[in-house]
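Contents: one structure, followed by commentary.
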Amino acid sequence: MDSSSKVPLSHSLWSPHDTVKDAAESLGINLPEEAAKNLAMDVEYRIHEILETAIKFMRHSKRKLLMTTDVNNALKVLNIEPLYGYDNSQPLVFKEALVGAGGQTLYYIDDNEIEFEKLINQELPKVPRQTTFTAHWLAIEGVQPMVPQNPLPAEIKSLPPIIRGATSSMLGNDILNLGQSGDNKDSAQGSSVATKDKKPTEKESEVKPLVKHVLSKELKLYFDKVVEVLISTDPEKENLKDAALTSLKNDPGLHQLVPYFIQFVAEQITNQLRNIEILSTMLEVISALVDNKTIFLDPYVHALMPCILTLLLAKRIGPIIKDTTSKESQDILRSQLAVREFAAILLEHIIKVYGSSYSTLRPRVTRTLLRALLDSSKPVGTHYGALLGLKNMGSEVVKLVLVGNLKVWCSSVVENSDKSDYEKDILLSTTLDILRKLKITVPQDENQMEVDGEGFSEEIKTKLNDSIGDTLAEIVLDQDDAKDIVRGLFFGELVV
Numbered sequence: 222m223d224s225s226s227k228v229p230l231s232h233s234l235w236s237p238h239d240t241v242k243d244a245a246e247s248l249g250i251n252l253p254e255e256a257a258k259n260l261a262m263d264v265e266y267r268i269h270e271i272l273e274t275a276i277k278f279m280r281h282s283k284r285k286l287l288m289t290t291d292v293n294n295a296l297k298v299l300n301i302e303p304l305y306g307y308d309n310s311q312p313l314v315f316k317e318a319l320v321g322a323g324g325q326t327l328y329y330i331d332d333n334e335i336e337f338e339k340l341i342n343q344e345l346p347k348v349p350r351q352t353t354f355t356a357h358w359l360a361i362e363g364v365q366p367m368v369p370q371n372p373l374p375a376e377i378k379s380l381p382p383i384i385r386g387a388t389s390s391m392l393g394n395d396i397l398n399l400g401q402s403g404d405n406k407d408s409a410q411g412s413s414v415a416t417k418d419k420k421p422t423e424k425e426s427e428v429k430p431l432v433k434h435v436l437s438k439e440l441k442l443y444f445d446k447v448v449e450v451l452i453s454t455d456p457e458k459e460n461l462k463d464a465a466l467t468s469l470k471n472d473p474g475l476h477q478l479v480p481y482f483i484q485f486v487a488e489q490i491t492n493q494l495r496n497i498e499i500l501s502t503m504l505e506v507i508s509a510l511v512d513n514k515t516i517f518l519d520p521y522v523h524a525l526m527p528c529i530l531t532l533l534l535a536k537r538i539g540p541i542i543k544d545t546t547s548k549e550s551q552d553i554l555r556s557q558l559a560v561r562e563f564a565a566i567l568l569e570h571i572i573k574v575y576g577s578s579y580s581t582l583r584p585r586v587t588r589t590l591l592r593a594l595l596d597s598s599k600p601v602g603t604h605y606g607a608l609l610g611l612k613n614m615g616s617e618v619v620k621l622v623l624v625g626n627l628k629v630w631c632s633s634v635v636e637n638s639d640k641s642d643y644e645k646d647i648l649l650s651t652t653l654d655i656l657r658k659l660k661i662t663v664p665q666d667e668n669q670m671e672v673d674g675e676g677f678s679e680e681i682k683t684k685l686n687d688s689i690g691d692t693l694a695e696i697v698l699d700q701d702d703a704k705d706i707v708r709g710l711f712f713g714e715l716v717v
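Note that the sequence shown covers residues 222 to 717 in the working numbering.
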């Protein structure tokens, strides 16, 4: 670098001579060159800081135009005294005046003159109310706490079902009256009696709900169209049905309609248990709602589980089958079992996704499935659904819950029942597939069970018969992968 070149006095856009020194001279201060340069750089830094903060306020306000209010807010945040006298709420009125002999035009802002006496005699404005708010728990895990802000159960029970809303289940059952005695057999009958006993001179009071759920016309129209397409049996509307399910799976902004869709699904499952096509469509609706990433479905899991468990464990879904010997009846049975398979897949998905939010969900579902499995009066569809449900609950549930009850189940349901051979084959093959889920394929060493040339040892056969029953043990031993299945059943228990 040439030593003769002149070093700039300032690295700032502000010229020390034109700005800082002029301002200092107007105040009667004589600044040296070095001080003017440093002061100019500091002024530029401060202005940049104020502008960056003001731009943040502008962006958070969803605007693209920087306003004086943004600058004032930035000054307050930086603990700098804000500017006074600038207000962009009213337009600035400029007036012109001639100055000097040459008639130079000068523009200025005309200030409004206010009489001091009028200002003093003016009434003071009302003191604004300070913003306050309160909060309380409306319900905790579905249980309404007894706090003063919440209505008493007696008050809720006295309201009509239409107004109290949340105290009526989606299937029309009154929750408050479920545990009552048989005095009021029918809630509608009781309400009619109360209406007759009411005096005609008594003044009726209208009770309005505290919270009103308002849906836009667009959402109402969307819900009506989707429901119409989903329950339609017209083959030409199959493409519209697929489009509706795709919309439920991917579209955002449907959270307000979730309780309405769940109520719609519950009503259809209750009223259309003989229609396989409708039941499959309702499961697809549940799957679409669960897969929609923009919907917060946690509060509605308790309403979805009865729908899924109904299709998984119901005694009869679809047409009634009297005999399974004909091929047509077998095809109908397979279509019914396919619906139960879909329900089992949905049950597994919901437990995986929402099991952490509801700690009691998995054990409660497991007890329900086991109770349905061990009930010998249930038809083949219920046992098939219970087996699939337990299979999808994981290997730990299969080994601890299912395997421990297989011998009793096989004796009461398969061996000593009036089910046809076709139904028994379905249950036994399904059980075998579940046991294959436990199999362990590892190289055999000295710590594992030994298999002689003719088959398993007598100790292993006895252990297998005692564990899963003679019928299942015989089927397992006839399989090509029997060694792996037995290893999975007795892993860590049997050493030969």
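Note that CB positions come from ideal geometry on N, CA and C, so glycine has one too.
Ile538 lies in the alpha helix (DSSP H); which residues open and close that run? Careful: Ile538 lies outside any alpha helix (DSSP H) and carries neither H nor E.
Less than 8 Å between the CB atoms is what I'm expecting for Thr545 and Ser650, so what's the real figure, rounded? Incorrect: roughly 15 Å between the Cβ atoms, too far for contact.
Looking at C-alpha atoms only, which residue of Met367, Ser597, Val586, Asp705 is the closest neighbour of Leu194? The structure shown has nothing for residue 194, since the chain only spans 222 to 717.
Along the beta strand (DSSP E) that carries Val320, what are the first and last residues, could you check? Where Val320 is concerned, the enclosing beta strand (DSSP E) stretches over 315-320.
Report the CB separation of Leu595 from Asn637 in whole angstroms; it is logged as a contact under 8 Å. Rounded to whole angstroms, the Cβ separation of Leu595 and Asn637 is 13 Å, and the two are not in contact under 8 Å.
Whose C-beta lies closer than 7 Å to the C-beta of Ser616 among residues of the same chain, with five residues either side of it excluded? Closer than 7 Å at Cβ, skipping near neighbours: Lys658, Leu659.
Whose CA, out of Val618, Asn294, Asn251, lies closest to the CA of Ala275? Nearest Cα to Ala275 within the set Val618, Asn294, Asn251: Asn294.
Have a look at Val241 and Gly249 and give me their C-alpha separation to the nearest angstrom. Each residue's alpha carbon lies about 12 Å from the other.
Which residues in the same chain as Arg583 place their Cβ atom closer than 6 Å to its Cβ, once the five residues preceding and following it in sequence are excluded? If we look at Arg583 and ignore the five residues flanking it on each side, its Cβ neighbours are Ile572, Gly576.
What residue does the beta strand (DSSP E) around Leu327 start on, and which one ends it? Note, Leu327: beta strand (DSSP E), 325-330.
Which whole-angstrom value is the C-beta distance of Ile696 and Gly602, which I expect to be below 8 Å? No, Ile696 and Gly602 are not in contact; Cβ-Cβ is about 21 Å, not under 8 Å.
Roughly how many whole angstroms lie between the Cα atoms of Asn686 and Lys704? About 15 Å.
Which value, in whole angstroms, describes the spacing of the CA atoms of Asp702 and Leu656? Rounded to the nearest angstrom, the gap between the Cα atoms of Asp702 and Leu656 is 11 Å.
Which stretch, first to last residue, makes up the alpha helix (DSSP H) that contains Leu510? Run containing Leu510: 497-512, per the alpha helix (DSSP H) assignment.
DSSP beta-bridge partners for Val364? Residue pairing by DSSP places Val364 opposite Ile361 in a beta bridge.
Span separating the alpha-carbon of Asp699 from that of Ile706: Put simply, the backbone Cα of Asp699 is about 11 Å away from that of Ile706.
Can you check which of these residues, Asp463, Gly474, Tyr579, Leu500, is closest to Phe485 by C-alpha distance? Nearest C-alpha to Phe485: Leu500.
Determine the closest residue to Phe711 out of Ile452, Lys258, Tyr481, Val624, with distance taken between C-alpha atoms. Checked all of Ile452, Lys258, Tyr481, Val624; the closest Cα to Phe711 is Val624.
Neighbourhood of Val506 by C-beta distance below 6 Å, restricted to the same chain and skipping five residues each side: If we look at Val506 and ignore the five residues flanking it on each side, its Cβ neighbours are Val486.
Return the residue from the list Leu532, Ile330, Glu569, Leu554 that minimises the CA-CA distance to Val511. Among Leu532, Ile330, Glu569, Leu554, the Cα nearest to that of Val511 is on Glu569.
What residue range is occupied by the uninterrupted alpha helix (DSSP H) comprising His269? For His269, the enclosing alpha helix (DSSP H) stretches over residues 254-281.
Closer than 6 Å by C-beta to Ile529: which residues in its own chain qualify, once you throw out the five before and the five after it? Chain order, please. So the list reads Ala564, Leu567, Leu568, once near-sequence residues are dropped.
Distance, Cα to Cα, Leu345 vs Thr515? CA-to-CA, the gap between Leu345 and Thr515 works out to about 51 Å.
Using the C-alpha atoms, what's the distance from Asp646 back to Ser688? Cα to Cα, Ser688 sits roughly 20 Å from Asp646.
Below 8 Å between beta carbons: does that hold for Tyr443 and Pro480? Contact flag unset, no.
Using C-beta distances below 7 Å, list every residue in its chain close to Leu534, excluding the 5 sequence neighbours before and after it, in chain order. Excluding the 5 residues flanking it on each side, Leu534 has same chain C-beta neighbours closer than 7 Å at Ala593, Thr603, Gly606, Ala607, in chain order.
Is Ile483 closer than 8 Å to Leu525 when the C-beta atoms are compared? In contact: Leu525 and Ile483 (Cβ atoms closer than 8 Å).
Excluding the 5 residues flanking Gln557 on each side, which residues of the same chain have their C-beta closer than 7 Å to its C-beta? Ile497, Ile538, Gly539, Gly602, listed in sequence order.
Once DSSP output is grouped into helix, strand and coil, what is the label at Pro372? Here Pro372 sits in coil by DSSP.
For Ala387, count the other beta carbons within 10 Å of its own beta carbon; 16 or more makes it buried, fewer makes it exposed. Which is it? Bear in mind that the predicted position of Ala387 carries a pLDDT of just 48, short of 50, making it too unreliable to give a figure here.
Assuming the contact rule is C-beta atoms closer than 8 Å, Leu327 and Glu334 should be a hit. Round their C-beta distance to whole Å, please. Not confirmed; about 20 Å, so no contact.
Can you give the Cα-Cα distance for Glu265 and Ile271, rounded to whole angstroms? Here the alpha carbon of Glu265 sits roughly 10 Å from the alpha carbon of Ile271.
To the nearest angstrom, how far is the alpha carbon of Leu591 from that of Val619? Straight-line Cα distance between these residues: approximately 11 Å.
For Leu478 versus Leu451, is the C-beta distance shorter than 8 Å? The answer is no: Cβ separation not under 8 Å.
Is the CB-CB distance between Cys631 and Gly709 below 8 Å? Gly709 is positioned such that its CB atom lies no closer than 8 Å to that of Cys631.
Use the C-beta contact count for Val447: other C-beta atoms within 10 angstroms, 16 or more gives buried, fewer gives exposed. Within a 10 Å sphere around the beta-carbon of Val447 sit 16 or more other beta-carbons, which makes this residue buried.
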